[in-house]
Amino acid sequence: MTNLDGPVLTPSMLPNAADFDVKDSSFFRKWSQLPSPGDVRKKAESQYLAGVNHDTRRDPKLTPPFVRPPLVVFEDMGLLVKWGSGVSFNEGLTLYAIRLLLKGSVPVPEVYGWRTEGSERYIYMEYIHGQTLEHAWESINPDDRESICTELQSIIKHLRRLKQDPLDTFVGSITRGSLYDRALHTSYMSEAGPFTTVREFHDWFTFLCRMPMPDPYSVPIEPFRYELPDGCGIKFTHGDLHRSNIIISAQKPYRVLAIVDWEQAGWLPEYWEARKALYSVYGSEWAMTYLPLVMELYSNTWEAWDWYTTSMGC
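Taking full-length UniProt numbering, I'd label the letters of the sequence shown as residues 1 to 314.
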């Protein structure tokens with residue numbers, strides 16, 4: 001479904017099965033079936049014993065609540081598996097929808113399918129050979145940095161072309177469910193939508209800092225509340241555009257191969273992408289010099305957004 005501005009993405013367009021194969025994906029042109037969950041766990045164990053970690057951002061030896069099973073890679077199949085009880089199929093559905101509707105203008109790993117076994121979920125996707133922009137950054141000259149940012153700007157513009165059904169707009173996950181976003185306290189994540197309007201979302205978001213108080217409804221509304229624009233648009237949002245989630249080619253000429261880690265993606269106020277992109281890098285060269293080349297930063301929302309997220313302890 002399309003309109004004059006861009007393709008329309010609705011929850012009804014998405015697969016809703018607990019086990020699903022993307023049969024028209026490139027994987028099934030060469031292989032008859034995906035590795036089973038048991039195969040994935042065996043591979044994870046062998047990688048661990050060999051000291052192999054395919055996600056340099058996380059240490060698989062960390063203890064709960066930060067532990068997450070390590071990414072599993074079947075190199076001969078060109079396959080990466082993200083798995084565990086904390087994995088949401090929303091990420092797989094996002095990859096599916098972007099490939100379907102945006103036709104390569106937003107480079108993402110091709111998703112091949114997913115599985116459920118007990119409380120664990122397994123998302124099977126293309127393994128992207130390259131390097132993270134974070135890893136390569138210091139070795140890239142200013143001209144190449146600007147070229148990459150220009151490419152990223154085009155990618156973000158195409159992503160934001162996705163539209164909702166004008167008769168069913170909401171702030172929430174891709175499936176019209178609750179949001180998963182690390183800028184929200186985990187205690188309230190299950191209550192995070194869907195919301196029918198941006199204003200409804202803002203009212204909820206700004207109330208969270210008062211939730212631990214004995215009588216939260218007696219506390220006056222903070223002036224910061226009025227700095228969050230209730231009339232802004234709702235855009236499909238990656239939610240974690242950190243340089244570690246941008247994969248570029250290993251050699252010059254540098255190009256963006258994929259944007260990865262879509263677990264926090266969803267429909268959010270149009271400024272949210274910028275707030276999250278600056279979340280952990282505010283004041284850095286990347287934030288001050290290069291992110292403005294990639295996206296509009298909505299600087300007038302920063303102080304209020306930062307106050308509320310900090311007040312929650314996020």
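Virtual Cβ for every residue (Gly too), placed ideally from N, Cα, C.
Kindly list the residues whose CB is nearer than 8 Å to the CB of residue i, restricted to its own chain and excluding five residues on each side of it in sequence; keep chain order.
i: residue 202; result: 225, 228, 230, 269
i: residue 213; result: 219
i: residue 121; result: 83, 84, 85, 87, 88, 89, 114, 115
i: residue 40; result: 72, 81, 83, 122
i: residue 298; result: 270, 271, 274, 275
i: residue 232; result: 198, 269, 270, 271
Would you tell me roughly how many angstroms separate the C-alpha atoms of residue i and residue j, rounded to the nearest one?
i: residue 310; j: residue 24; result: 45 Å
i: residue 63; j: residue 162; result: Interpretation of residue 63 is limited by its pLDDT of 40, a score under 50 that renders its predicted location unreliable; the figure taken from the coordinates is listed afterwards. When rounded, the distance between both Cα atoms is 38 Å.
i: residue 301; j: residue 277; result: 13 Å
i: residue 307; j: residue 223; result: 11 Å
i: residue 124; j: residue 34; result: 8 Å
i: residue 55; j: residue 169; result: 35 Å
i: residue 150; j: residue 258; result: 15 Å
i: residue 133; j: residue 249; result: 9 Å
i: residue 9; j: residue 141; result: 38 Å
i: residue 186; j: residue 240; result: 17 Å
i: residue 137; j: residue 237; result: 24 Å
i: residue 13; j: residue 96; result: 10 Å
i: residue 16; j: residue 92; result: 11 Å
i: residue 198; j: residue 172; result: 10 Å
i: residue 267; j: residue 50; result: 40 Å
i: residue 181; j: residue 188; result: 10 Å
Taking 8 Å as the cut-off, decide whether the C-beta atoms of residue i and residue j are in contact.
i: residue 176; j: residue 19; result: no
i: residue 174; j: residue 265; result: yes
i: residue 205; j: residue 216; result: no
i: residue 256; j: residue 128; result: no
i: residue 234; j: residue 164; result: yes
i: residue 74; j: residue 43; result: yes
i: residue 153; j: residue 291; result: no
i: residue 284; j: residue 242; result: no
i: residue 112; j: residue 52; result: no
Spatial neighbours of residue i within its chain, please: C-beta separation below 6 Å, excluding the five flanking residues on both sides.
i: residue 192; result: 178, 179, 184
i: residue 144; result: 254
i: residue 305; result: 275
i: residue 105; result: 158
i: residue 211; result: none
Which same chain residues, not among the five before or five after residue i, have their C-beta less than 7 Å away from its C-beta?
i: residue 66; result: For residue 66, the predicted model reports a pLDDT of 43, less than 50, meaning its position is unreliable; a value from the coordinates is still stated below. Counting only Cβ-Cβ distances below 7 Å, and skipping sequence neighbours, we find nothing.
i: residue 94; result: 174, 262, 265
i: residue 110; result: 25, 26, 99, 125, 126
i: residue 296; result: 274
Assuming residue i is part of the alpha helix (DSSP H), what are its boundary residues?
i: residue 287; result: It is not in any alpha helix (DSSP H) - residue 287 carries neither H nor E in the DSSP assignment.
i: residue 302; result: 302–311
i: residue 204; result: 198–207
i: residue 183; result: Taken as a continuous stretch (DSSP letters only), residue 183 belongs to no alpha helix (DSSP H), as it is neither H nor E.
i: residue 161; result: Here residue 161 belongs to no alpha helix (DSSP H), and DSSP marks it neither H nor E.
i: residue 54; result: Element bounds for residue 54: n/a, residue is neither H nor E.
i: residue 45; result: 37–49
i: residue 135; result: 133–136
Would you list, in sequence order, the uninterrupted alpha helix (DSSP H) runs of no fewer than 4 residues that lie entirely inside the region 70–127? For the region 70–127, whole alpha helix (DSSP H) runs of length 4 or above, ordered along the chain, are 89–102.
Considering only residues of the region 230–286, which uninterrupted beta strand (DSSP E) runs meet the minimum length of 3 residues and lie entirely inside it, listed in chain order? Fully contained in the region 230–286 are the following beta strand (DSSP E) runs of length 3 or more, in chain order: 234–237, 246–248, 256–259, 266–269.
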